[in-house]
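Colleague:
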Amino acid sequence: MGDAILGHGVAIGLALLGAVCFAGASALQHHAVRSGDPRNPPTGDGPGEIPGDVPADRPDGALSLRRLAEIVRHPRWIAGLGLAGAGSLTHAIALLLAPLRIVQPVGVLAVPIAVLLSSARSRRRPATGVLAGAVLSITGVAVFVAASAGTAASHSPPGAATLVAGVAVTGVVAVFAAVGLARSGWSRCVALATAGATAFGLVSALVRAVSQSVAAGDVGLLDPPVAGAAAGVVAAFLVGGWLVQQAYAAGAPEVVIACLTVVDPIVAVLLGAVLLGEGAATPLLTWVLLGGAALAATAGVLILAHHHPDAVAARAARPPVLRGKTL
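Residue numbers (the numbering used here): -11 to 315.
(1) Grab the span of the alpha helix (DSSP H) containing Arg196 for me, first residue to last.
(2) Relative to the alpha-carbon of Ala261, which residue among Gly117, Leu69, Ser136 has its alpha-carbon at the smallest distance?
(3) Between Val195 and Ala80, how many whole angstroms is the CB-CB distance? I'm expecting something under 8 Å.
(4) For Leu273 and Phe132, I'd like the C-alpha separation in whole angstroms.
(5) To test your reading of the DSSP string, which unbroken alpha helix (DSSP H) runs of 4 or more residues are found completely within the stretch 60 to 122?
(6) On the DSSP letters alone, give me the boundaries of the alpha helix (DSSP H) that Ala162 sits inside.
(7) What is the C-beta distance between Asp211 and Ser144, in whole angstroms, given that I count them as a contact (C-beta under 8 Å)?
(8) Alpha carbons only, please: which of Arg54, Gly220, Leu278, Ala120 is nearest the one belonging to Ala156?
(9) Report the rounded CA-to-CA distance for Val250 versus Gly121, giving the unit in angstroms.
(10) Around the Cβ of Ile66, are there at least 16 other Cβ atoms within 10 angstroms (buried) or fewer (exposed)?
(11) Looking only at C-alpha atoms, which of Pro213, Val160, Val232, Ala149 sits nearest to Leu180?
(12) Cα-Cα, which of Thr127, Leu83, Ser142 is closest to Gly189?
(13) Beta-carbon within less than 7 Å of Asp33's beta-carbon, same chain only, minus the 5 sequence neighbours each way: which residues are those?
(14) Pair every Cβ in the stretch 169 to 176 with every Cβ in the stretch 55 to 71, then say whether three or more of these pairs are closer than 8 Å.
(15) With C-beta atoms as the reference, is Pro93 less than 8 Å away from Val129?
(16) Across the stretch 111 to 121 and the stretch 286 to 297, are there enough close Cβ pairs to call them in contact, namely three or more that are closer than 8 Å?
(17) Do Leu248 and Ala185 have their C-beta atoms closer together than 8 Å?
(18) With distances taken Cα to Cα, identify the nearest neighbour of Leu105 among Ala149, Gly12, Leu226.
(19) Would you please state the rounded distance, in angstroms, between the beta carbons of Ile245 and Val99? I believe it to be under 8 Å.
(20) Might you give, ordered along the chain, the residues of its own chain that have their beta carbon closer than 6 Å to the beta carbon of Leu(-6), omitting 5 neighbours on each side?
(21) Would you give the residue range spanned by the alpha helix (DSSP H) that Ala215 belongs to?
(22) How is Pro241 classed by DSSP in three states: helix, strand or coil?
(23) Verify whether the separation of the beta carbon atoms of Ala256 and Leu88 is less than 8 Å.
(24) Is Ala223 closer than 8 Å to Ala198 when the C-beta atoms are compared?
(25) With a threshold of 16 other CB atoms inside 10 Å of the CB of Val289, please say whether the residue is buried or exposed.
(26) Is Thr150 closer than 8 Å to Leu263 when the C-beta atoms are compared?
(27) Roughly how many angstroms separate the alpha carbons of Gly228 and Gly95, rounded to a whole number?
(28) On the premise that Leu97 lies in contact with Val(-2), defined as a C-beta separation below 8 Å, what is that separation, rounded to the nearest angstrom?
Written as structure tokens, this is what we have:
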């Protein structure tokens, strides 16, 4: 029991470190997206354009391969990639030590961290809405993790359950992606962001499921099921990243941030419950507490998403007649 508590504590610390890395990566990479090719930066003189703003370069709101190639050569994007890699590594290690229901919600804290860091960098006192959102999200996550710690235990997934769940989630990603790619405007943004967040939730669930199977001795590290799951993790990560970039190009940043922060943990926690039996021994009153904590964290994230640096910059870049419209 003591070892489990220690493992959970280390996992929470690693997940928090990962959230800090993701917050820094978000700031660096989104600055690079707005800056475009460092050898040919925008002037900021166009209508509704701010210095460093790079809109989507196709009529349907998508980023072309040429634009993406320019972005990934930007030094800040590369630095952000390094931070994102560090965050992914610490998050993966956390998933080896504790159940999804404990680790995944901590990632929500990347949003308040990013917003508060932005306020500190600009040397401005955070707005009341920012403080309220930060308190709500941090409190909600803390209560959720604390309530989960005593009842969330993982078990090795049965038989081909991981494959079946992976195929089912892939189908969900494909449906949302198809809807998003077929549409434009706000519906495109929401659908693509939801598809990307679902893919990222699958990544975390696969990492945890494989680690449990290996720990239980059901499979070896070099067995085909592990290799297949590893390929699935890489594919889901790449597809999710591409979908999220397209969502950013199609709509308001606050919508993308909110979808990512809310949908990703929900998918991962649901997969943890279905695949690994996490929460099977949770009492009814604890479920009620978990539900209230999740709602509080979600409300806080939605408030903070509105004040996220990317959202503020996007609103400032809009023509006056469009300001105040979220989508």
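For every residue, glycine included, the Cβ atom is placed at its ideal position computed from N, Cα and C.
Modeller: In this structure, then:
(1) Residue 196 sits at position 208 when you count from the first residue of the sequence shown. Counting along the chain, the alpha helix (DSSP H) containing Arg196 begins and ends at 173 to 203.
(2) Locating residue 261 in the sequence shown gives position 273, where the first residue counts as 1. The candidate whose alpha carbon is nearest that of Ala261 is Ser136.
(3) Here residue 195 corresponds to residue number 207 of the sequence shown, with the count starting at 1. Here residue 80 corresponds to residue number 92 of the sequence shown, with the count starting at 1. In this structure Val195 touches Ala80 by the C-beta definition: roughly 5 Å separates them, less than 8 Å.
(4) Taking the sequence shown and counting its residues from 1, the one referred to as residue 273 is at position 285. Taking the sequence shown and counting its residues from 1, the one referred to as residue 132 is at position 144. About 13 Å.
(5) Positions of the alpha helix (DSSP H) runs, each at least 4 residues long and wholly inside the stretch 60 to 122, are given as 63 to 85, 88 to 91, 98 to 109 in order along the chain.
(6) As a working note, residue 162 is residue 174 in the sequence shown. Residues 149 to 170.
(7) Taking the first residue of the sequence shown as 1, we reach residue 211 at position 223. Taking the first residue of the sequence shown as 1, we reach residue 144 at position 156. About 14 Å separates the two Cβ atoms, so there is no contact after all.
(8) Reading the sequence shown from its first residue, position 168 is the one you call residue 156. The alpha carbon of Ala156 has as its nearest neighbour, out of Arg54, Gly220, Leu278, Ala120, the alpha carbon of Gly220.
(9) As a working note, residue 250 is residue 262 in the sequence shown. As a working note, residue 121 is residue 133 in the sequence shown. For Val250 and Gly121, the distance between alpha carbons rounds to 14 Å.
(10) Taking the first residue of the sequence shown as position 1, residue 66 is located at position 78. Ile66 is exposed by the Cβ-count criterion.
(11) In the sequence shown, counting from the first residue as 1, residue 180 sits at position 192. That would be Val232, whose Cα lies nearest to the Cα of Leu180.
(12) For the purposes of this step, residue 189 is taken as residue 201 along the sequence shown, with counting starting at 1. Closest by alpha carbon: Leu83.
(13) What you label residue 33 is simply residue 45 of the sequence shown in a count that begins at 1. Residue placement at Asp33 is poorly supported in this model, since its pLDDT is 39, which falls under 50; the coordinates are not used for a value here.
(14) No, because fewer than three Cβ pairs between the stretch 169 to 176 and the stretch 55 to 71 fall closer than 8 Å, the two stretches do not touch.
(15) For this step, residue 93 is matched to residue 105 along the sequence shown. For this step, residue 129 is matched to residue 141 along the sequence shown. In contact: Pro93 and Val129 (Cβ atoms closer than 8 Å).
(16) Yes: at least three Cβ pairs fall under 8 Å.
(17) Sequence index remark: in the sequence shown, residue 248 carries index 260 (1-based). Sequence index remark: in the sequence shown, residue 185 carries index 197 (1-based). Yes, they are a contact pair.
(18) Locating residue 105 in the sequence shown gives position 117, where the first residue counts as 1. For Leu105, the nearest C-alpha among the options comes from Gly12.
(19) For the purposes of this step, residue 245 is taken as residue 257 along the sequence shown, with counting starting at 1. For the purposes of this step, residue 99 is taken as residue 111 along the sequence shown, with counting starting at 1. The C-beta distance from Ile245 to Val99 rounds to 6 Å, short enough to meet the 8 Å contact threshold.
(20) Taking the first residue of the sequence shown as position 1, residue -6 is located at position 6. If the five residues before and after Leu(-6) are omitted, its C-beta is found closer than 6 Å to no C-beta atom of its own chain.
(21) By one-based count along the sequence shown, residue 215 stands at place 227. Looking at the DSSP string, the run of the alpha helix (DSSP H) that includes Ala215 is 212 to 238.
(22) By 1-based counting over the sequence shown, the position of residue 241 is 253. Helix at Pro241.
(23) Position 268 of the sequence shown holds residue 256. Position 100 of the sequence shown holds residue 88. Leu88 sits close to Ala256, with the two beta carbons spaced by under 8 Å.
(24) The residue given as residue 198 occupies position 210 in the sequence shown. The residue given as residue 223 occupies position 235 in the sequence shown. Note on identity: in this sequence residue 198 is Val, with Ala being the wrong assignment. Val198 places its beta carbon 8 Å or farther from that of Ala223.
(25) Sequence index remark: in the sequence shown, residue 289 carries index 301 (1-based). Buried, by the Cβ-count rule.
(26) In the sequence shown, the residue the question calls residue 263 occupies position 275. In the sequence shown, the residue the question calls residue 150 occupies position 162. Contact: yes.
(27) The residue labelled residue 228 in the question sits at position 240 within the sequence shown. The residue labelled residue 95 in the question sits at position 107 within the sequence shown. Taking the straight line joining both Cα atoms gives about 16 Å.
(28) As a first step, residue -2 is located in the sequence shown; it is residue number 10 there, counting from the start. As a first step, residue 97 is located in the sequence shown; it is residue number 109 there, counting from the start. No, Val(-2) and Leu97 are not in contact; Cβ-Cβ is about 17 Å, not under 8 Å.
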